[in-house]
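Novice: Numbering (my numbering), first residue to last: 759 to 820.
We put the CB at the ideal spot given by N, CA and C, even for glycine.
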């Protein structure tokens, strides 16, 4: 439970810092998010497709 509390505190801190930077430099944050989407968007799509593929079952002969 302590791990979850610490994780949520860190996540909240990152979100607050993101909002502060967003309100100070909205154009820079917009460009940063577009760059991340260009890189991570196709990777996420490939991950979803690969996860949806049926898994091959191999027969074990002992």
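1) From the DSSP output, in three-state form, read off residue 783 for me.
2) Can you grab the Cα-Cα spacing for the pair residue 782 / residue 775, in whole Å?
3) In the structure shown, what three-state DSSP assignment does residue 759 receive?
4) Give the DSSP-derived three-state secondary structure of residue 811 in the structure shown.
5) Taking the C-alpha atoms as reference points, what is the distance between residue 805 and residue 777?
Specialist: Put simply:
1) Reduced to three states, the DSSP call for residue 783 is coil.
2) Spanning the two alpha carbons is a distance of roughly 11 Å.
3) Per DSSP, reduced to three states, the secondary structure at residue 759 is coil, with no helix or strand assignment.
4) Reduced to three states, the DSSP call for residue 811 is coil.
5) If I take the Cα positions, the gap works out to 29 Å.
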